[in-house]
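One structure is given here, and the rest of the page talks about it.
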Amino acid sequence: MIELKLNDGSYILHPTKIICLLRSYAAHAREMNNKVPEKPRFFLKPPSSLLESGGMVIIPTGSTTVHHEVELVVVIGKKGKEIRYEDAKDHILGFMVGLDITARDIQLEAKKEGLPWTEAKGYDTFAPVGNEIMDAHYHDWRSRSIWLDVNGKRRQESNTDLLLWPVERIISDLSHIMTLEEGDMIMTGTPSGVGPLVPGDIVKAGIEGIGTLEIKVATRKVEGTGMEG
Ligand code: MG
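Numbering (numbering that gives the first Met the number 0), first residue to last: 0 to 228.
Set out below in structure tokens:
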């Protein structure tokens, strides 16, 4: 649960689920040697992976390769099921910037074995978000530059116009699988330029006119020893 700024007030972000798109920018699908899917495809992250901007992403003990993925996040404002494309806009509360942090080594292992990605995507702190939601009544998701810097160096830079499917289509498709609840978050997938994070890195990311976020990266301290583990 995270308190965010929305217009002149505050909003408590408390999703029942975080739904994530995969391979939704062609350049990212290509850099991972994957085919571009014919329709939006999804996986889930648990709400316990949320992290406020200013927080610390913790590299888990079981992973040596944790990647950043900057993404446009859609927050649902109104519950819905089987939402039509033309009604999808009415179900959006607003937009924010987020990171889909990924334990790439665990994910590659899972892919090889044909197993789900839950472990690779679901660790605590693996879903940092900005501290502001831009109200969908006044802001559109289209034609926004989206970027991510690690230690001041640009790693990812693209534009939301390169999303393979409009946000409205994504909402409609999703809502034919599962009921979307108020507060649910959709991470719409990352553009190309994903790469590893190491302890001590400072990551800044943003979407033009939507918001920014900043996080630090650390390893987990083994309790009682003062050592990293
Ligand atoms: Mg992603």
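Just so you know, even glycine gets a beta-carbon here, dropped at the ideal spot from N, CA and C.
Inter-residue Cα distance where the pair is residue i and residue j
i	j	result
I169	K215	31 angstroms
P45	K120	9 angstroms
D123	K111	24 angstroms
I82	E118	30 angstroms
L3	S9	6 angstroms
D200	Q106	21 angstroms
K88	V74	11 angstroms
G129	T211	6 angstroms
R103	M95	24 angstroms
H138	H90	14 angstroms
V202	V193	12 angstroms
L196	T64	7 angstroms
N32	S191	12 angstroms
K16	L49	11 angstroms
L114	I18	18 angstroms
I11	K38	32 angstroms
D160	T218	35 angstroms
E30	G182	32 angstroms
E108	G61	12 angstroms
I206	V166	15 angstroms
G151	R141	26 angstroms
S157	G79	30 angstroms
K220	W116	25 angstroms
Beta-carbon spacing of residue i, residue j below 8 angstroms
i	j	result
L21	F42	yes
M133	G76	no
M184	P14	yes
G53	E213	yes
V69	I145	yes
D99	M186	yes
H67	V149	yes
R143	I209	yes
S171	Y84	yes
A135	G97	no
S23	G188	yes
L147	A25	no
Beta-ladder partner(s) of residue i, from DSSP
i	result
E131	K4
A102	V65
V202	V149, I214
I263	Residue 263 lies beyond the residue range present for the chain, which begins at 0 and ends at 228; the question has no answer from this structure.
P195	H66
N158	S144
L49	A126
S9	K4
Task: Sequence-ordered residues whose beta carbon comes within less than 5 angstroms of a heavy atom of ligand 1 - done: E68, D99, T189
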